[in-house]
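Student: Here it is, the structure in full.
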Amino acid sequence: MTNPNTPSTQRCAALYLRSAVADDAAIEDQRRRCSAHAKAQSFSVGEVFSDNGASGMAERSGLQALRTCIESGRAEVVIATDPARIYRDIDKANEFRRFCEQHGVEIVLADQLAAADETFKALFDRLREEELARMEGRE
């Protein structure tokens, strides 16, 4: 017997993990945090894509495989720990956001609590400004 308070279908999430330096422990930590976030949001985790030892500025094989997954309709949500895991370049990040929107896919950031009305672009801009401010404070 099914519970009437439980959704009959969960949205399928794809996880995207990236570390600029090859670091298996960092990738596993991202996987753990993204998976926990998926569970808390009642998403089922489908596929997991990673780029271990890859710059956030370049095109990457794991990210390309994620795009193929999105195009084929195998994911309804993409979960990463933060926007910089996807791209550090704001223009490329926004292009990826638009790509996801065109395919009806939501981007969810496990480590970032965005205000309800804050867009991915606005969140990315805010985080970039905070990072620049921290860097300037250290010099």
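When you line the sequence shown up against numbering that gives the first Met the number 0, it's residues 0 to 138, in that order.
Where a beta carbon is used, it is the ideal one built from N, C-alpha and C, also for glycine.
1. Who does Ser49 pair with in a DSSP beta bridge?
2. Are three or more beta carbon pairs between the stretch 13–26 and the stretch 74–83 nearer than 8 Å?
3. Under a three-way DSSP split, which group does Ala79 fall into?
4. Measuring straight from C-alpha to C-alpha, what distance separates Glu135 and Gln9?
5. Would you mind giving the Cβ-Cβ distance between Arg73 and Cys33, rounded to the nearest angstrom? I have them listed as a contact below 8 Å.
6. Classify Arg31 as buried or exposed, calling it buried when 16 or more other Cβ atoms lie within 10 Å of its own Cβ.
7. Hey, how far is the Cα of Phe42 from the Cα of Ala132?
8. Under a three-way DSSP split, which group does Ser71 fall into?
Tutor: Quick answer:
1. Translated into the one-based positions of the sequence shown, residue 49 becomes position 50. Partner(s): Leu16.
2. The stretch 13–26 vs the stretch 74–83: in contact.
3. Translated into the one-based positions of the sequence shown, residue 79 becomes position 80. Reduced to three states, the DSSP call for Ala79 is strand.
4. For this step, residue 135 is matched to residue 136 along the sequence shown. For this step, residue 9 is matched to residue 10 along the sequence shown. Approximately 44 Å between the Cα atoms of the pair.
5. Locating residue 73 in the sequence shown gives position 74, where the first residue counts as 1. Locating residue 33 in the sequence shown gives position 34, where the first residue counts as 1. Between Cys33 and Arg73 the Cβ distance is about 17 Å, and since that is not below 8 Å, they are no contact.
6. As a working note, residue 31 is residue 32 in the sequence shown. The residue is exposed, with fewer than 16 neighbouring Cβ atoms inside 10 Å.
7. Numbered from its first residue, the sequence shown carries residue 42 at position 43. Numbered from its first residue, the sequence shown carries residue 132 at position 133. One C-alpha to the other measures close to 35 Å.
8. Numbered from 1 along the sequence shown, position 72 holds the residue referred to as residue 71. Coil at Ser71, not helix or strand.
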